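Asks: Submitted below is the structure of interest, expressed as structure tokens.
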Amino acid sequence: MLRLMIVLQIKGFMWRLSQISLHMQYEYTSVELSGFELLPNSSTCGTGVEGRKGGTVLAWKNSVRCRLLDISPNWIHMLVVDDAGNEFNLTSVYGPPHLLERPYFWQKLTSFSRDAHLPWILLGEFNQGNWFTWTNGRIGEGAVWERLDRALCNVAWLNVYPQTSVFCLPIYTSDYSPFVVLFHENVPHRPRPSRFEAMWLLDDSCKKVFSDAWNINELGSLAYLFVSKCRNVMITLKKWNREVFGHVQSKISALQQQIIALQQQVGEYVQDVTVSATEASLRNELEDLLDKEELLWAQKSHQMCLVQGDRNTKYFLTLVKKRRVNNRILRIKLDSGEWSQSYSEMESAVVDYFSNVFFRWIMIFLLWIYVNHLNISTFIN
387 MLRLMIVLQI KGFMWRLSQI SLHMQYEYTS VELSGFELLP NSSTCGTGVE GRKGGTVLAW
447 KNSVRCRLLD ISPNWIHMLV VDDAGNEFNL TSVYGPPHLL ERPYFWQKLT SFSRDAHLPW
507 ILLGEFNQGN WFTWTNGRIG EGAVWERLDR ALCNVAWLNV YPQTSVFCLP IYTSDYSPFV
567 VLFHENVPHR PRPSRFEAMW LLDDSCKKVF SDAWNINELG SLAYLFVSKC RNVMITLKKW
627 NREVFGHVQS KISALQQQII ALQQQVGEYV QDVTVSATEA SLRNELEDLL DKEELLWAQK
687 SHQMCLVQGD RNTKYFLTLV KKRRVNNRIL RIKLDSGEWS QSYSEMESAV VDYFSNVFFR
747 WIMIFLLWIY VNHLNISTFI N
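Be aware that the sequence shown starts at 387, since it is given in the working numbering, and climbs by one per residue.
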């Protein structure tokens with residue numbers, strides 16, 4: 387269901403001034419459409435047309451709680467409350483096309499970012515970027531395609547709405563492609579692929595577990611033995627990780643609580659050597675676990691090349707969330723030309739595609755062998 391809609395550069399509509407609360411002061415006057423019949427039971431705010439410059443409109447269903455924070459011809463800054471009661475900032479943007487106006491525009495967005503303690507998303511036309519969301523409607527050499535619209539968000543947004551997805555609808559009557567942002571995409575659970583964790587190498591027993599799992603006695607070709615050994619190693623390491631190595635984050639939390647309790651005892655019993663020695667031992671164990679956690683998130687974020695130093699686990703975690711959003715496939719174009727959002731259809735399409743690719747290369751390889759066989763036979767005869 388459509389809840390919020392942003393329209394940039396509206397032209398040719400009748401406008402009327404809306405009533406603004408006296409305690410809120412804006413540099414520009416907010417206006418309201420006088421008859422937006424396409425969106426019944428909705429509220430709107432925006433800026434009017436200035437000469438040949440179009441206005442901007444932000445419309446929302448009356449069931450959505452919104453509060454206007456700042457407005458100008460280049461932005462509409464709102465506070466929105468979703469159905470679950472979570473507050474977030476929404477900023478619709480129309481970047482100034484003139485260079486002289488852009489410094490103030492970015493200064494204003496920077497001031498919004500300093501106050502953005504809530505999840506924050508920016509939507510609209512920044513007048514920069516690539517890929518195509520706008521066309522001038524011409525054909526041939528005079529055709530112009532541009533990507534003008536995009537969505538940006540902060541880390542807090544990814545924490546609250548990790549399933550956010552963005553896509554563009556086809557261009558029809560307007561010269562703009564409708565830009566759609568879904569906050570909650572229903573993504574079915576998929577088992578994660580098995581991967582070797584670099585943090586396992588920090589444990590002294592890992593090497594022996596790996597060696598015992600690799601040195602299995604089986605019969606078969608070299609390729610079969612290699613695949614079988616790799617499979618057995620991963621099965622053994624996953625079992626060892628679950629039963630011996632343990633969950634790093636849970637161990638860290640438990641150790642931190644123990645250290646806090648012991649440090650309070652040290653304050654009460656300064657002369658107790660046993661308590662001090664136990665506290666020091668737990669701190670060393672915690673340092674080892676923190677090293678493992680840092681390596682874990684560094685590997686997941688594909689940032690292993692960074693110089694190891696300060697434990698940037700929050701930075702690594704942010705990169706992991708961003709990669710998960712970018713790597714998620716929400717729709718795929720079928721051979722028929724239609725777009726599908728069904729995961730069963732997407733899986734079938736991917737399997738069919740690579741099956742055809744591999745089959746084609748196998749046929750080419752077999753044909754190459756057959757031709758060379760004929761050439762060798764002809765040469766011998």
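For each residue, glycine too, the CB sits at the ideal point set by N, CA and C. Quick caveat: nothing in here was measured; it's all calculated off a predicted structure.
Which full runs of the beta strand (DSSP E) of 3+ residues lie inside the stretch 605–633, going along the chain?
Replies: Whole beta strand (DSSP E) segments, 3+ residues: zero.
Asks: Beta-carbon within less than 8 Å of L675's beta-carbon, same chain only, minus the 5 sequence neighbours each way: which residues are those?
Replies: Translated into the one-based positions of the sequence shown, residue 675 becomes position 289. Same-chain partners within the cutoff: V634, K637, I638, L641.
Asks: Exposed or buried, what is E511 when buried is set at 16 or more other beta-carbons lying within 10 Å of its beta-carbon?
Replies: Within the sequence shown, residue 511 is the residue found at index 125, counting from 1. By the neighbour-count rule (16 or more Cβ atoms within 10 Å), E511 is buried.
Asks: At the 7 Å Cβ level, is N713 part of the contact set with chain C, yes or no?
Replies: Reference to chain C is not applicable here, since this structure consists of a single protein chain.
Asks: In whole angstroms, what is the alpha-carbon distance linking E731 and L444?
Replies: Within the sequence shown, the letter at position 345 stands for residue 731. Within the sequence shown, the letter at position 58 stands for residue 444. Going by the C-alpha atoms only, they are around 36 Å apart.
Asks: Helix, strand or coil, according to DSSP, for D598 in the structure here?
Replies: For the purposes of this step, residue 598 is identified with residue 212 of the sequence shown, where counting begins at 1. Correct three-state label for D598: helix.
Asks: With a CB to CB cut of under 8 Å and the five nearest residues on each side skipped, what residues in its chain are close to A609?
Replies: Here residue 609 refers to the residue found at position 223 when the sequence shown is read from its first residue. Within the same chain, A609 has no close Cβ partners at all.
Asks: With A542 as the anchor, note down where its alpha helix (DSSP H) starts and where it stops.
Replies: Position 156 of the sequence shown, counted from the start, is the residue given in the question as residue 542. Here the alpha helix (DSSP H) through A542 covers 541–546.
Asks: Give, in chain order, every unbroken run of the beta strand (DSSP E) that is at least 3 residues long and sits entirely within the stretch 465–504.
Replies: 473–480, all fully within the stretch 465–504.
Asks: Could you check which residue in S580, A502, W506, F553 has the C-alpha nearest to that of L544?
Replies: As a first step, residue 544 is located in the sequence shown; it is residue number 158 there, counting from the start. Ranking the options by Cα distance to L544, first place goes to W506.
Asks: Cβ of L623 within 7 Å of Cβ of Q644?
Replies: Position 237 of the sequence shown, counted from the first residue, corresponds to residue 623. Position 258 of the sequence shown, counted from the first residue, corresponds to residue 644. The answer is no: Cβ separation not under 7 Å.
Asks: Mark N712 as exposed unless 16 or more other C-beta atoms lie within 10 angstroms of its C-beta, in which case mark it buried.
Replies: Here residue 712 is taken as the residue at index 326 of the sequence shown, counted from 1. By the neighbour-count rule (16 or more Cβ atoms within 10 Å), N712 is not buried but exposed.
Asks: Between which two residues does the beta strand (DSSP E) harbouring I507 extend?
Replies: By 1-based counting over the sequence shown, the position of residue 507 is 121. Segment 506–511, the beta strand (DSSP E) holding I507.
Asks: How long is the line joining the alpha carbons of E671 and Q649, rounded to whole angstroms?
Replies: Reading the sequence shown from its first residue, position 285 is the one you call residue 671. Reading the sequence shown from its first residue, position 263 is the one you call residue 649. So the alpha carbons of these two residues sit roughly 15 Å apart.
Asks: Assign T442 to one of three DSSP states: helix, strand, or coil.
Replies: Along the sequence shown, one-based indexing puts residue 442 at 56. Strand, per DSSP.
Asks: Is G632 buried or exposed, if buried means 16 or more other CB atoms sit within 10 Å of its CB?
Replies: Locating residue 632 in the sequence shown gives position 246, where the first residue counts as 1. G632 should be labelled exposed.
Asks: Rounded to whole angstroms, what's the CA-CA distance from E413 to I457? Just pull it up for me.
Replies: Translated into positions along the sequence shown, residue 413 becomes position 27. Translated into positions along the sequence shown, residue 457 becomes position 71. Unreliable positioning characterises E413 in this predicted model, as indicated by a pLDDT of 42, which lies under 50. The coordinate reading is nonetheless provided below. Going by the C-alpha atoms only, they are around 7 Å apart.
Asks: Once DSSP output is grouped into helix, strand and coil, what is the label at I748?
Replies: Residue mapping note: residue 748 aligns to position 362 of the sequence shown, counting from 1. If DSSP states are grouped into helix, strand and coil, I748 belongs with the helices.
Asks: Quick one, which of K594, P489, A470, R717 has its alpha-carbon nearest L555's?
Replies: In the sequence shown, residue 555 corresponds to position 169, counting from 1. Ranking the options by Cα distance to L555, first place goes to R717.
Asks: Hey, how far is the Cα of E679 from the Cα of F582?
Replies: Position 293 of the sequence shown holds residue 679. Position 196 of the sequence shown holds residue 582. Going from the Cα of E679 to the Cα of F582 covers about 14 Å.
Asks: Run through DSSP, which three-state label would D456 get?
Replies: Here the question's residue 456 lines up with position 70 in the sequence shown. If DSSP states are grouped into helix, strand and coil, D456 belongs with the strands.
Asks: Quick check on this structure: which residue in E487, N627, L508 has the alpha carbon closest to the alpha carbon of F565?
Replies: On the sequence shown, position 179 is the one that residue 565 refers to. Selected option, being the one with the closest Cα: L508.
Asks: Could you have a look at F553 and say whether DSSP puts it in helix, strand or coil?
Replies: Taking the sequence shown and counting its residues from 1, the one referred to as residue 553 is at position 167. In the structure shown, F553 sits in a strand (DSSP, three-state: E or B).
Asks: Which one of Y729, N627, I755 has the shortest CA to CA distance from N714?
Replies: Walking along the sequence shown from the start, residue 714 turns up at place 328. According to the sequence provided, residue 714 is Arg. The question's Asn does not apply to it. Comparing Cα-Cα distances from R714 to each of Y729, N627, I755, the minimum goes to Y729.
Asks: State yes or no: is the C-beta of S551 within less than 7 Å of the C-beta of L568?
Replies: Counting from 1 along the sequence shown, the entry for residue 551 is found at position 165. Counting from 1 along the sequence shown, the entry for residue 568 is found at position 182. Their beta carbons are under 7 Å apart, which means S551 touches L568 by this criterion.
Asks: Using the DSSP secondary-structure output, state which residues sit across from L568 in a beta bridge.
Replies: The residue you call residue 568 lines up with position 182 of the sequence shown. Answer is S551, bridged to L568.
Asks: Run through the DSSP bridge pairs and tell me what R451 is partnered with.
Replies: Along the sequence shown, one-based indexing puts residue 451 at 65. Looking at the DSSP assignment, R451 forms a beta bridge with V467.
Asks: Count the other CB atoms within 10 Å of the CB of S478; is the residue buried (16 or more) or exposed (fewer)?
Replies: Position 92 of the sequence shown holds residue 478. It is buried - the Cβ of S478 has at least 16 other Cβ atoms within 10 Å.
Asks: Would you list the residues sitting across from L753 in a DSSP beta bridge?
Replies: The count along the sequence shown starts at 1 and reaches residue 753 at position 367. Partner(s): none; L753 has no beta bridge.
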